[in-house]
Amino acid sequence: MAAWSLFVVDEEAEFTIDLTSDVFDPYLYVVGPGIATMLRNRGADDYAVTNDDGGEGLNSALCFEPPRPAEYLVEYPAEYRVVVSALNAEVGEYRLRVRSGCRTRVDPEGNEDVTFDLWAVPVTDTIRRGVIEQGEFRSIGTWDEAGGPVESWVLPVMGGERLAIEMRSAEFHPHLTVVSRSGFYAREAGDVLGREGRNMRVTREVSNNDGDGLAWDSRVCLVTEASEEYRVVASSYRRGVGRYGLLVAEDPDGTLCGQANMSTDRYFELLEELPTETRSIRLGESVEGVLGLGDAKDPVSGDPIQAWAVDRIVEDEWVTVEVNSDAFTPTIDIASDDVEELTGQSSLCRARAQFRMRGSGSVKALVSAQSEGEVGAFTLVATQGAGAEVLLDPCETTDGLEIGYEVEGRLTAVRDKAAWTIAAAAGDTLIFQAGSEEFDTRLEVTGPGGLLIGDDDGGGGTNSRIEMVIPRDGEYRVAVRAYGVTTGLFHLSVIRRR
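In this note's numbering, the protein residues as written are 6 to 503.
Structure representation (structure tokens):
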């Protein structure tokens with residue numbers, strides 16, 4: 006094992022680190038300030054950025070993006086350690102190179118990026134329905150952009166089929182991708198969707214790593230739209246090798262798949278068919294509703310969804326529809342062929358859609374929850390015209406606070422910030438203090454003229470404290486947030502220094 010120092014001066018820098026050897030299988034990792042915290046926040050229980058075979062063959066290559074100082078409290082310039090090691094206790098000469106910029110895969114000459122096209126993967130064979138097709142990854146063959154083995158199979162389909170495609174292996178961790186020329190519908194959490202909306206995401210690839218109920222095996226569920234030849238691309242997580250099986254099964258009643266991916270057009274056809282029952286809202290109205298488990302189901306996710314008719318829309322006029330909830334993180338979708346433009350914004354407890362129509366009449370506004378299983382009460386508001394370009398975060402409680410008093414509050418998964426307003430006079434010296442036994446508090450004070458002051462741990466431990474001289478008369482706003490874990494009780498006080 007050998008360690009090299011990498012001094013990072015620019016916090017925005019990115020590096021490609023290559024480790025090659027002709028005599029042993031190299032293993033590369035990077036350690037240093039902020040890395041362990043960054044990896045934990047990304048869901049990885051590790052202390053180092055690592056790579057085994059990300060380069061050509063058994064060589065190692067990784068993209069190193071140093072932790073950002075604002076998120077991980079790293080001060081630059083900073084020193085990181087690039088550690089060289091070998092698998093299987095091997096020894097010998099090696100070459101280590103660090104270059105600016107990130108390249109996920111390097112060509113044999115070592116300089117240019119290689120783009121990886123799934124359609125270019127050589128075809129192994131055509132998959133037969135209901136038959137377990139056998140494949141095998143070996144140490145030689147076609148490799149994907151992560152340095153792992155990959156094989157492609159042809160799957161002919163007809164329109165209107167509902168299929169479950171599975172990849173299983175007892176020897177490595179399989180990863181399955183289905184590629185279509187026409188593309189599949191896919192939705193990001195919190196998106197506002199529309200056939201012509203900016204936030205709609207259409208991808209030509211649908212992937213799965215660990216299928217529901219399959220442990221580490223993979224499953225992709227599809228609803229086909231037309232006759233076409235898909236590519237079923239088999240690969241392995243962390244570059245494993247060994248034998249695997251592929252199975253394509255018809256799943257007309259959804260027994261195998263709780264949800265399926267489908268084309269954008271078909272998805273919106275199903276959304277437009279959702280019944281509004283007696284639910285309607287006119288422009289200028291605000292109505293109360295409850296999203297429940299007994300409501301209609303989203304055609305893709307299977308989660309509860311409610312359709313509301315938005316009436317009295319005038320051609321080519323902007324309309325804003327908002328949904329607010331303290332019970333769940335809401336999404337708002339607009340389903341109509343006549344939408345000319347659509348934009349959307351969202352936060353933890355609020356979602357907004359703004360759109361223009363080609364004609365007059367009504368559209369369907371679809372209320373659902375961002376996370377699986379969430380239900381509860383909500384408020385729906387429809388107004389004529391476009392709202393503010395920036396959606397101010399409403400996930401907070403705001404009340405008046407008097408100098409000399411202390412208040413208590415609670416942050417929840419939906420209400421991630423609590424705020425109070427306070428009247429202050431120029432020249433006063435005020436001390437704001439926030440603390441909690443359940444989370445690390447962060448305190449913010451804003452005021453006239455764009456004033457913003459923040460503090461994390463100025464109150465000792467994980468508590469917060471701000472002492473300031475009020476620059477001008479006016480209304481100030483003090484807010485409590487959490488750093489990291491976002492739930493729990495807290496206390497806030499404001500006193501005047503005599």
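For each residue, glycine too, the CB sits at the ideal point set by N, CA and C.
- In this structure, the CA atom of V368 is about 26 Å from the CA atom of V228.
- Taking a C-beta distance under 9 Å as the contact criterion, A332 and V380 qualify as a contact pair.
- For secondary structure counted as the beta strand (DSSP E) over 3 or more consecutive residues, the segment 335-382 holds these complete runs in sequence order: 335-340, 344-351, 355-362, 366-374.
- Around the CB of S105, fewer than 16 other CB atoms lie within 10 Å, so the residue is classed as exposed.
- For S10, the closest C-alpha among the options D30, V35, P31 is that of V35.
- Judged by beta-carbon spacing, E327 lies within the 9 Å limit of R357, meaning their Cβ atoms are closer than that value.
- Rounded to the nearest whole angstrom, the CA to CA distance from G250 to E233 is 23 Å.
- For F360, the closest of I427, A340, G378 by C-alpha to C-alpha distance is A340.
- Residue environment analysis places D433 among the exposed positions, since fewer than 16 neighbouring C-beta atoms fall within 10 angstroms of its C-beta.
- Per DSSP, the beta-bridge partners of D460 are L448.
- For W425, the enclosing beta strand (DSSP E) starts and ends at 423-429.
- Judged by DSSP secondary structure, S157 falls within the beta strand (DSSP E) whose first and last residues are 155-162.
- By alpha-carbon distance to Q375, the top candidate from P309, V319, F142 is P309.
- Of the residues V292, A439, L63, the one whose Cα lies closest to the Cα of R486 is A439.
- For L416, the number of other beta carbons within 10 angstroms of its own is at least 16, and it is reported as buried.
- In the assembly as shown, L406 is a buried residue. Its beta-carbon has 16 or more other beta-carbons within 10 Å.
- Contact check for S157 against V246 fails: the beta carbons are separated by 9 Å or more.
- Within the same chain, and ignoring the five residues on either side of A7 in sequence, the residues whose Cβ sits closer than 7 Å to its Cβ are V89.
- Sixteen is the threshold: since fewer than 16 other Cβ atoms of the shown chains lie within 10 Å of the Cβ of P453, the residue is exposed.
- Collapsing the DSSP output to three states places A41 in a helix.
- Excluding residues up to 5 positions away in sequence, P304 lie with their Cβ nearer than 6 Å to the Cβ of L275 in the same chain.
- Per the C-alpha coordinates, the member of E278, I458, V103, T334 positioned closest to D342 is E278.
- DSSP places P453 within a helical segment (H, G or I) once states are collapsed to three.
- DSSP places I471 in the uninterrupted beta strand (DSSP E) bounded by 469-474.
- According to the DSSP secondary-structure assignment, G140 is paired through a beta bridge with Y249.
- Take the alpha-carbon of L63 and the one of E166: they are about 41 Å apart.
- Linking A431 to G464 through their CA atoms gives a straight-line distance of about 24 Å.
- With a cutoff of 9 Å on beta-carbon distance, R134 and A231 are scored as not near each other.
- Annotated as distal: A91 and S174, with beta-carbon spacing of 9 Å or more.
- Contact between L33 and T55 holds, with the beta-carbon distance rounding to 7 Å and staying under 8 Å.
- Beta-bridge partners of T25 (DSSP): R100.
- In this structure, the CA atom of Y488 is about 25 Å from the CA atom of Y85.
- Annotation: D321 to T388 spans about 14 Å, alpha carbon to alpha carbon.
- For the 9 Å CB-CB criterion, L448 and S469 form a contact.
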